[in-house]
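The structure appears right after this line, and notes come after that.
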Amino acid sequence: MENPWRTSLTLRLLTPSLCLKKTNNSANINGVPRGLTSTVVNYFWSKGIYVIASIGGASYVDLWNQALDTDPVQLAKNAAALANELNVGIEIDYEQDDGSRITALGTFIKTFRSIIPYDSNLSPKSLFTIDLGSDIGYLAALSKASIAWLANKELNWAYAMVDEAPYTSIGQATAYWQTH
77 MENPWRTSLT
87 LRLLTPSLCL
97 KKTNNSANIN
107 GVPRGLTSTV
117 VNYFWSKGIY
127 VIASIGGASY
137 VDLWNQALDT
147 DPVQLAKNAA
157 ALANELNVGI
167 EIDYEQDDGS
177 RITALGTFIK
187 TFRSIIPYDS
197 NLSPKSLFTI
207 DLGSDIGYLA
217 ALSKASIAWL
227 ANKELNWAYA
237 MVDEAPYTSI
247 GQATAYWQTH
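For the sequence shown, our numbering begins at 77 and goes up steadily by one.
Here is the structure:
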């Protein structure tokens, strides 16, 4: 296996429902922001930097829910098409805290992996990651499900999102990080 330590740039760009519908408008082409092009990706590649396109974010929970409720399989197919077309990884930034759509998210993940298999050599388009909680207990159901997705090599890794430090000592910080 190649050295897994790489410099990567995660671009927070994709709106789940627009990616699902492959929306074309003044800001998007096939659900992808117009600024995310092969020219941009190739520039970073020329500097030895992997590019990962993020789907979602904290303010996109309702749009994630809409996409997962509508068709998680098609969403995965569209995300995989983007990864193949631009040779970018995909990051899942889904911050639904109640765990109500873990099954649909699992369908999204399994479908993506059926199209773009896990690659231990970390080819850029095979990178498939997820963001996990930024607070003690935040996104607990997602974190629990991610353990299996990581163990089954459906995801490459998980990011532990960090919020403003709620602690006043190293001991408190250590306890917090143990949850991740």
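Just so you know, even glycine gets a beta-carbon here, dropped at the ideal spot from N, CA and C.
Here the structure is a predicted model, which means the values were calculated and not measured.
query	result
Nonlocal neighbours in the same chain, by C-beta distance under 6 Å from residue 93, ignoring five residues either side	139, 142 and 143
Selection from 118, 83 and 84 that minimises the alpha carbon distance to residue 161	118
Runs of beta strand (DSSP E) wholly within the segment 154-196 (minimum 3 residues, chain order)	165-169
Whole-angstrom distance between residue 232 and residue 100, CA atom to CA atom	30 Å
Residue 222 to residue 189 span [Cα, whole Å]	14 Å
Neighbour-count burial assignment, residue 246, 16 or more Cβ in a 10 Å radius	exposed
Rounded C-alpha distance that separates residue 86 from residue 234	13 Å
Cβ-Cβ distance between residue 164 and residue 191 below 8 Å	no
Residue 227, buried or exposed, once every other Cβ within 10 Å from all chains shown has been counted against 16	exposed
Per-residue DSSP class, three states only, for residue 102	coil
DSSP state of residue 199 mapped onto helix, strand, coil	coil
Residue burial classification, residue 97 (beta-carbon count within 10 angstroms, cutoff 16)	buried
Buried versus exposed, by CB contacts within 10 Å (16 or more), residue 111	exposed
Nearest-angstrom Cα separation, counted from residue 121 out to residue 204	18 Å
Chain-order list of residues whose beta-carbon lies under 6 Å from that of residue 172 (same chain, five-residue window excluded)	137
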